[in-house]
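Q: Sharing a structure below in structure tokens format, with a few things to ask.
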RNA sequence: GGCGUCGUGGCCGAGUGGCUAGGCUGGGCUCUGCAAAAGCUCCUACAGCGGUUCGAAUCCGCUCGUCGCCUCCA
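Numbering (the numbering used here), first residue to last: 1173 to 1664.
Have a look at this one:
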């Protein structure tokens, strides 16, 4: 039987601001949409945190037996840099600066994006649609919204009429904003544009002569507004109403609010049942952001080439660091924080590498069923990975006790124990055991031989030789561990 | 200014109205030839002020502060 039938998953819904029991529209199937990157530069670690958080969600849903269609877009056009005036799209601007074709920029950074997410061991989404591949769909939605009288055309551009929408609907339902406040606050800004009201947002922008990325439409040669692509692609692949919509906290307003307004106008129904928002990664006390230059790239972490960290950290250690915080919490990125996480990560992986050394006994002195349930309870509580990891460290303690024969475990329990650990660590959290990669059978053989020689030396009380073997191996990154049952080693 | 979030011990981070996660760091002990590893153990907590309650870090109010959004942003 599928696990989702016996597990009650609760998800914090940004729309209701409470944890709600998750019930998909179609039993056993989940439709999930996550706002992807704008590919005009390298993804930084803050971006990666969001995508990794939803990768974890994706993985756990799959672990529970759901069939998940996970759609994550690539924004390769239509992302207005400044929607107050002429409207130059980010991609086009970057291309002009670098004297290359816009699609060359898109290609380069899309490849970088995929490469980075692969390193951090994210699974690819089911569908990864692009904005430029869905211009037709977006134009159709604009026509529909115009027909319904909730948009207007000015000089070849089309804007969504937020105030009119708000007469019958609630613009602000997600972000908790009141439109009256918004009006009051923007009155002092000059906002001299074509828009009737500053709150209105672009559905279609007319391109000026120099603008390279452009498409024909009934209104002008131009490009779609940023918010529109997500409405178009989510409804196309997941339906008018789907289960989960995710994205970074900073997209809640205006992006997601606009999405709701567009989709609701277009289809007449609420587009999303569960809105999930991943919180920000903080560096030097402030949000990581490309625009302010306050960011670190994943490759700079993996290579150690940066001014922030004391050394290089592996992708799995970095992933583990981020999973030790709840996805809804702000996380501070620091060198000491990463160092602490790396040690914990290594401890966990060493325990997993030792699982095979455990011998089953007649009965269990530790309660495996209860431990396993605690792991599921943690994840069922809005994907509480910090608590799951705390339980995994409890398992590390069990492993060490079992190896030292201070505890016993039945054959059945041992099987459950191993399966559960592997499922949560590798399938759900998406970690890799990087420790094992260097240790081939040949290496093991050589080290075992040296351990034997050291054992003889120790029996002869030849401490000089035994310490020489131990210390020189340590310099190579091979640590010897003397226990009651003999000496083992680990490779770091 | 508006909206939202959060404020937990040396650091990072969970958490339920009473039984006080976990990781890292520091101290002690056991084991050990020594060390490491491992096990056991100790030390500092719930921003402040009121209130509700037999009892609150956990509920309510106020104050202070943080961060985010309000313009592109994961």
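The beta-carbon is built from N, C-alpha and C at its ideal position, and this holds for glycine as well. None of these values were measured; they are calculated from a predicted model.
#1: Taking C-beta to C-beta, are residue 1607 and residue 1535 nearer than 8 Å?
#2: Which residues in the same chain have their Cβ closer than 6 Å to the Cβ of residue 1476, if we skip the five residues on either side of it in sequence?
#3: Could you check where the alpha helix (DSSP H) with residue 1376 kicks off and where it finishes?
#4: Tell me whether the beta-carbon of residue 1429 lies closer than 8 Å to the beta-carbon of residue 1310.
#5: Can you find at least 3 beta carbon pairs, one from the segment 1396 to 1410 and one from the segment 1461 to 1472, that sit closer than 8 Å?
#6: Leaving out five residues on either side along the sequence, give the residues of the same chain with a beta carbon under 7 Å from the beta carbon of residue 1638.
#7: For the segment 1499 to 1510 against the segment 1444 to 1453, do three or more pairs of beta-carbon atoms, one drawn from each stretch, fall closer than 8 Å, so that the two count as touching?
#8: Sorted by chain position, which residues of the same chain lie with C-beta nearer than 6 Å to residue 1543's C-beta, five sequence neighbours on each side aside?
#9: In the DSSP assignment, what are the bridge partners of residue 1192?
#10: Quick check: the Cα distance between residue 1275 and residue 1244, rounded to an integer number of angstroms?
#11: Taking the continuous alpha helix (DSSP H) assigned at residue 1643, which residues delimit it?
#12: Under 8 Å, do residue 1169 and residue 1264 count as touching if we go by C-beta distance?
#13: Where does the unbroken beta strand (DSSP E) through residue 1527 begin, and where does it stop?
#14: Mind checking residue 1419: buried by the 16 CB within 10 Å criterion, or exposed?
#15: Between the beta-carbon of residue 1209 and the beta-carbon of residue 1246, is there less than 8 Å?
#16: Compare the C-alpha of residue 1394 against each of 1423, 1203, 1474 and 1261 and name the closest.
#17: Could you give the first and the last residue of the continuous beta strand (DSSP E) run that contains residue 1453?
#18: On the three-pair Cβ rule with 8 Å, is the segment 1278 to 1288 touching the segment 1211 to 1228?
#19: Apart from the five residues on each side of it in sequence, which residues of its chain come closer than 6 Å, Cβ to Cβ, to residue 1363?
#20: Within the continuous beta strand (DSSP E) that includes residue 1616, where are the two ends?
#21: From residue 1444 to residue 1178, what distance separates their C-alpha atoms?
#22: Tell me, please, which residues DSSP counts as bridged to residue 1673.
#23: Between the segment 1219 to 1233 and the segment 1328 to 1342, can you find at least three pairs of beta-carbon atoms closer than 8 Å?
#24: Report the CB separation of residue 1231 from residue 1599 in whole angstroms; it is logged as a contact under 8 Å.
#25: Looking at the secondary structure, which residues open and close the beta strand (DSSP E) in which residue 1418 lies?
#26: Going straight from the alpha carbon of residue 1272 to that of residue 1266, what length do you get?
#27: Using DSSP with H/G/I as helix, E/B as strand and the rest coil, what is residue 1536?
#28: Whose CA, out of 1398, 1435, 1195 and 1351, lies closest to the CA of residue 1423?
#29: As a quick exercise: from 1472, 1531, 1642 and 1377, pick the residue whose alpha carbon is nearest that of residue 1392.
#30: Looking only at C-alpha atoms, which of 1292, 1248, 1325 and 1308 sits nearest to residue 1302?
#31: Have a look at residue 1541 and residue 1594 and give me their C-alpha separation to the nearest angstrom.
#32: Skipping 5 residues on each side, what residues in its chain have a beta carbon closer than 8 Å to that of residue 1576?
#33: Taking the alpha-carbon of residue 1373 as reference, which of 1317, 1330, 1389 and 1320 has the nearest alpha-carbon?
#34: Excluding the five sequence neighbours on either side, which residues of its own chain have a C-beta within less than 7 Å of the C-beta of residue 1546, listed in chain order?
#35: Inspect the beta-carbon positions of residue 1568 and residue 1615 and report whether they are closer than 8 Å.
#36: Closest to residue 1417 by C-alpha separation, out of 1286, 1205, 1636 and 1622, would be which residue?
A: Considering the structure as presented:
#1: Stepping through the first chain from its first residue, residue 1607 is reached at position 435. Stepping through the first chain from its first residue, residue 1535 is reached at position 363. Not closer than 8 Å, so no.
#2: What you label residue 1476 is simply residue 304 of the first chain in a count that begins at 1. Here the set comprises 1483 and 1484.
#3: By one-based count along the first chain, residue 1376 stands at place 204. Run containing residue 1376: none in the alpha helix (DSSP H); it sits in the beta strand (DSSP E), 1373 to 1378.
#4: Indexing the first chain from 1 puts residue 1429 at position 257. Indexing the first chain from 1 puts residue 1310 at position 138. No, they are not a contact pair.
#5: no
#6: Within the first chain, residue 1638 is the residue found at index 466, counting from 1. Excluding residues within five positions, the ones whose Cβ falls inside 7 Å are 1626, 1629 and 1630.
#7: yes
#8: Within the first chain, residue 1543 is the residue found at index 371, counting from 1. Answer for residue 1543: no residue qualifies.
#9: Residue 1192 sits at position 20 when you count from the first residue of the first chain. According to DSSP, which records beta bridges pairwise, residue 1192 is partnered with 1183.
#10: For the purposes of this step, residue 1275 is taken as residue 103 along the first chain, with counting starting at 1. For the purposes of this step, residue 1244 is taken as residue 72 along the first chain, with counting starting at 1. Answer to the nearest angstrom: the Cα atoms are 19 Å apart.
#11: Position 471 of the first chain, counted from the first residue, corresponds to residue 1643. That run of the alpha helix (DSSP H) goes 1635 to 1647.
#12: Because the chain here runs from 1173 to 1664, residue 1169 falls outside it and cannot be looked at.
#13: Counted from its first residue, the first chain places residue 1527 at position 355. Per DSSP, residue 1527 belongs to no beta strand (DSSP E) and is neither H nor E.
#14: The count along the first chain starts at 1 and reaches residue 1419 at position 247. Buried is the call here.
#15: Position 37 of the first chain, counted from the first residue, corresponds to residue 1209. Position 74 of the first chain, counted from the first residue, corresponds to residue 1246. Result yes, Cβ atoms of residue 1209 and residue 1246 sit closer than 8 Å.
#16: Taking the first chain and counting its residues from 1, one reaches residue 1394 at position 222. Here the closest residue by C-alpha is 1261.
#17: Within the first chain, numbered from 1, the residue matching residue 1453 stands at position 281. First-last of the beta strand (DSSP E) with residue 1453: 1453 to 1455.
#18: yes
#19: Your numbering for residue 1363 matches position 191 in the first chain. The predicted position of residue 1363 is uncertain, since its pLDDT is 41 and thus under 50; no value can be drawn from it.
#20: On the first chain, position 444 is the one that residue 1616 refers to. No beta strand (DSSP E) contains residue 1616, which is instead part of the alpha helix (DSSP H) from 1613 to 1631.
#21: If you number the first chain from 1, residue 1444 lands on position 272. If you number the first chain from 1, residue 1178 lands on position 6. Taking the straight line from one Cα to the other gives about 25 Å.
#22: The requested residue 1673 does not occur in the structure, where the chain is confined to residues 1173 to 1664.
#23: no
#24: Position 59 of the first chain, counted from the first residue, corresponds to residue 1231. Position 427 of the first chain, counted from the first residue, corresponds to residue 1599. The pair is a contact, with the Cβ atoms about 6 Å apart (cut-off 8 Å).
#25: Counting from one through the first chain, the residue named residue 1418 turns up at place 246. Its beta strand (DSSP E) spans residues 1414 to 1420.
#26: Locating residue 1272 in the first chain gives position 100, counting from the first residue. Locating residue 1266 in the first chain gives position 94, counting from the first residue. Looking at the two C-alpha atoms, the distance is approximately 9 Å.
#27: Along the first chain, one-based indexing puts residue 1536 at 364. Looking at residue 1536 - three-state DSSP - the assignment turns out to be coil, as it is neither helix nor strand.
#28: As a working note, residue 1423 is residue 251 in the first chain. Checking every option, the nearest Cα to that of residue 1423 belongs to 1398.
#29: If you number the first chain from 1, residue 1392 lands on position 220. When only C-alpha atoms are compared, the closest one is 1377.
#30: The count along the first chain starts at 1 and reaches residue 1302 at position 130. That would be 1248, whose Cα lies nearest to the Cα of residue 1302.
#31: Taking the first chain and counting its residues from 1, one reaches residue 1541 at position 369. Taking the first chain and counting its residues from 1, one reaches residue 1594 at position 422. One C-alpha to the other measures close to 15 Å.
#32: Residue 1576 sits at position 404 when you count from the first residue of the first chain. Excluding residues within five positions, the ones whose Cβ falls inside 8 Å are 1655, 1656 and 1657.
#33: If you number the first chain from 1, residue 1373 lands on position 201. Ranking the options by Cα distance to residue 1373, first place goes to 1330.
#34: Within the first chain, residue 1546 is the residue found at index 374, counting from 1. Contacts found: 1563.
#35: By 1-based counting over the first chain, the position of residue 1568 is 396. By 1-based counting over the first chain, the position of residue 1615 is 443. Going by C-beta atoms, residue 1568 is not nearer than 8 Å to residue 1615.
#36: Within the first chain, numbered from 1, the residue matching residue 1417 stands at position 245. The shortest Cα separation from residue 1417 among 1286, 1205, 1636 and 1622 belongs to 1205.
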